[in-house]
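**Q** Quick one: structure below, then a few questions.
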């Protein structure tokens, strides 16, 4: 081991700069810790490093589509995420030829390795999880109980939402609690009418505007959303939340952050004599040089599978199966939301109505199944789902498959098409021990590190729920007065929703969980995991805001414990 | 009975064309060079479409989106765009379908009008384009396999609406529209908003 020097030792190390890593950096720095923040990918500075942000459509090569070579050789997994990876965003997604993994069962691992991680390209939808979700495992005898309840996290949702800015409409629903909201985006004419009709046909249900991490007025030095809907390129106004626009600048401002991109953490150093994690081992992504860094606490925020990969790779005499893995649960209970099921229909009328701008959120229909009462109870499946979607007027793509040529076609194209509305379901995935990741030493990456082998599938509960997701969607769109209502059901393997979570779950009992109620490893108290790996179940709500809240809470606890001399 | 369609249908609609489940300054430079390749009038001949079919291709593209008060697809650079896509985007299968289809156009013209494409009158050319369009639509419905004209048409539309003529003249282009307004009169806008395919988008599942 190298002798420790000033630039090797810190109060805290944060691994990862995405949705939760940026928050760990901010909180630890603001609370007084000298913090080394390690990111495996390259630097991306807010605005300066968004090369495509202002490109017009005619400045995009290949009509913004990936080339054959890109689809087949460079982005052969990332390209499976429908239209996510395009010419203007591909640089924020991993090159699959450079980052192999093993699909023991089909799994679409969609990743971004750069400063900011997937906070640059995420969907920005933010929904709180509730006690209906926290209590479900215990009530239904599934997996293990969450070690926290809504009351523990509520103030932290307030805290993170207030900082980042989330726009939305308060609805007073217990299953998806209201947040600290900036003014909501408007619904368009068809959505407003659909809301009226659906809520009148189904009085217990609600159709509301999406709750999204976009600023509908200037906030904390960032600009108001200009309705470009080019978010994944990076925003010149900083109008949506990313680490780059929001939390990393706050951490930087303290003067206590050292941000080191191109730094791949391969394992956490476990000091067996003193029974603590003492630091991390790093490979420089560019030079291949190895280094060690030391700290009093370590925060794992390398993304769900990134963190678990590091932990599995951190072996020692005490932890031959991965750091903090006395329970045997590390790597297990992987989940991802089933989706790509819903309905679409055509809405007659409103031909003289339109909208201004490209709204970066759709509408939201909160969960209305299995809410704990007999009226919403389903006998055929547990848990529930929500819908995202919206109405819009058809654009020029409607003529790709419809008949029409010549001057008449141009005439038709000079006006928008009819209104259509669609809603897509996102459902919960029950935790199963068998859904897991393991290290694979036969397939190594370019840094000679073992890769991950992923074995995960949706089960019977998801299959039965999926059928209801399609039928209930169609039923509601028919009630909204749409015609030609059709269910769509497109099979996507786990991973494709990009809400992969679990594999280092929180729980009350060290024998059946990896983390305690403060995201702290039961076995190694100075190691915290507060990204998606910590999730004990996968409530259907988009999870990122929950990772932010858990991270802020865990950081406060970590700093308190340091002050008390417990760490 | 409510109609359902499946992933297989989605693949048919998207995947058949592509054969699959369908460092910042370098990127910018690459984009600049690719974008410049599709500008009209570069004087470079087609690479994939045989020279003998270039006239037919251009004629079909013009027939799909001719010049009206706004430029047509030929002026917007679609023939060059299409050739680039054949070279770099499509699979060999799609290329073969297009090349064979274009080569067969003359034979069809002779069959129907007794003359090859180049010697048809403008009304006859229009009728040919409409005929091919109907065939393409029917074939998509019946078998899901690509008719060469469906590929030409999709790329004509795509290339046009990713050109300045399509994106900024036939549509209304504002890169930063400002605060979103949900329910306004169409007449206050006057044209369709420029549409860049951008997920998540229900259009992913429908063509």
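Protein chains in written order, with this note's numbering: chain P, 1 to 567; chain U, 568 to 774. We put the beta carbon where it would ideally sit given N, CA and C, even for glycine.
Please confirm if residue 135 of chain P has its CB atom under 8 Å from at least one CB of chain U.
**A** no
**Q** Consult DSSP for residue 551 of chain P and reduce its assignment to one of helix, strand or coil.
**A** helix
**Q** Does residue 632 of chain U come out as helix, strand or coil in the three-state DSSP assignment?
**A** coil
**Q** Does the CB of residue 694 of chain U have a neighbour CB from chain P at under 8 Å?
**A** no
**Q** Give the residues from the stretch 161-186 of chain P that approach chain U closer than 7 Å (Cβ to any Cβ), ordered along the chain.
**A** Of all residues in the stretch 161-186 of chain P, only 185, 186 place a beta-carbon less than 7 Å from a beta-carbon of chain U.
**Q** For the alpha helix (DSSP H) that residue 131 of chain P lies in, which residues bound it at each end?
**A** That run of the alpha helix (DSSP H) goes 131-134.
**Q** Just the chain U side, please: which residues come within less than 7 Å of residue 226 of chain P by C-beta, in chain order?
**A** 743, 744, 745
**Q** For residue 180 of chain P, which residues from the same chain have a beta carbon less than 8 Å from its beta carbon, with the 5 sequence-adjacent residues on both sides left out?
**A** Taken in chain order, the residues that qualify are 157, 158, 161, 162, 166.
**Q** Counting only runs of 4+ residues fully inside the stretch 3-81 of chain P, write out the alpha helix (DSSP H) ranges in chain order.
**A** 19-30
**Q** Looking at the unbroken alpha helix (DSSP H) that takes in residue 476 of chain P, where does it start and where does it end?
**A** Where residue 476 of chain P is concerned, the enclosing alpha helix (DSSP H) stretches over 460-479.
**Q** For residue 752 of chain U, go through chain P and note every residue whose CB falls closer than 9 Å to its CB, in chain order.
**A** 352, 353, 354
**Q** Enumerated in chain order, which unbroken segments of the alpha helix (DSSP H) with a length of 4 residues or greater are wholly contained in the stretch 398-438 of chain P?
**A** 406-413
**Q** May I have the straight-line CA-CA distance separating residue 33 of chain P from residue 11 of chain P, to the nearest angstrom?
**A** 6 Å
**Q** Which residues of chain U have a Cβ atom closer than 9 Å to the Cβ of residue 419 of chain P, listed in chain order?
**A** Under the 9 Å cutoff, chain U gives no residues; its nearest Cβ is about 11 Å from residue 419 of chain P.
**Q** If you scan the stretch 699-746 of chain U from start to end, which runs of the beta strand (DSSP E) of 3 or more residues do you find wholly inside it?
**A** Note on the stretch 699-746 of chain U: there is no whole beta strand (DSSP E) run with a minimum of 3 residues.
**Q** For residue 81 of chain P and residue 496 of chain P, which I take to be in contact (beta-carbon distance under 8 Å), what is that distance rounded to the nearest angstrom?
**A** 6 Å
**Q** Rounded to the nearest angstrom, how far is the Cβ of residue 431 of chain P from that of residue 544 of chain P, given a contact under 8 Å?
**A** Not confirmed; about 19 Å, so no contact.
**Q** What residues of chain U sit near residue 413 of chain P, judged by a beta carbon separation below 7 Å?
**A** 737
**Q** Can you check whether the C-beta of residue 304 of chain P is within less than 8 Å of a C-beta belonging to chain U?
**A** no
**Q** For residue 133 of chain P and residue 539 of chain P, I'd like the C-alpha separation in whole angstroms.
**A** 6 Å
**Q** Going along chain U in order, which residues have a C-beta closer than 7 Å to the C-beta of residue 399 of chain P?
**A** 724
**Q** By Cβ distance, which residues of its chain are closer than 8 Å to residue 513 of chain P, with the 5 residues on each side in sequence left out?
**A** So the qualifying residues of the chain are 144, 147, 327, 329, 505, 506, 507, 522, 536.
**Q** What do you get for residue 570 of chain P, buried or exposed, if any count of 16 or more other CB atoms within 10 angstroms of its CB means buried?
**A** Outside the displayed span of chain P (1 to 567) sits residue 570 of chain P, for which this structure offers no information.
**Q** Alpha carbon to alpha carbon, how far is residue 215 of chain P from residue 557 of chain P?
**A** Each residue's Cα considered, the two are about 29 Å apart.
**Q** Residue 630 of chain U versus chain P: which residues are under 9 Å apart at the beta carbon?
**A** 405, 406
**Q** Would you mind working out which of P:551, P:40, P:438, P:204 sits nearest residue 286 of chain P, comparing C-alpha positions?
**A** P:40
**Q** Within the same chain, show all residues whose beta-carbon is closer than 7 Å to that of residue 278 of chain P, passing over the 5 residues directly before and after it, in chain order.
**A** 269, 271, 294
**Q** With DSSP run on the structure shown, which of helix, strand or coil describes residue 284 of chain P?
**A** The answer is strand: DSSP assigns residue 284 of chain P an E or B state.
**Q** Mind the definition here: the stretch 478-495 of chain P touches the stretch 102-111 of chain P only if three or more C-beta pairs lie below 8 Å; say whether that holds.
**A** yes
**Q** Bridge partners of residue 346 of chain P, per DSSP?
**A** Note: residue 346 of chain P sits in a beta bridge opposite P:420, P:483.
**Q** Whole angstroms are fine: how far does the CA of residue 697 of chain U sit from the CA of residue 681 of chain U?
**A** 18 Å
**Q** Should residue 416 of chain P be flagged as near chain U, meaning a C-beta pair shorter than 8 Å?
**A** Nearest CB-CB separation between residue 416 of chain P and chain U: below the 8 Å threshold.
**Q** Residue 22 of chain P and residue 248 of chain P: beta carbons closer than 8 Å?
**A** yes
**Q** Quick one, which of P:27, P:343, P:141, P:253 has its alpha-carbon nearest residue 483 of chain P's?
**A** P:343
**Q** Would you say residue 208 of chain P lies against chain U (beta-carbon separation less than 8 Å)?
**A** no
**Q** Would you check if the stretch 167-178 of chain P and the stretch 203-222 of chain P touch, i.e. whether three or more CB-CB distances between them fall below 8 Å?
**A** Enough Cβ pairs lie closer than 8 Å, so yes.
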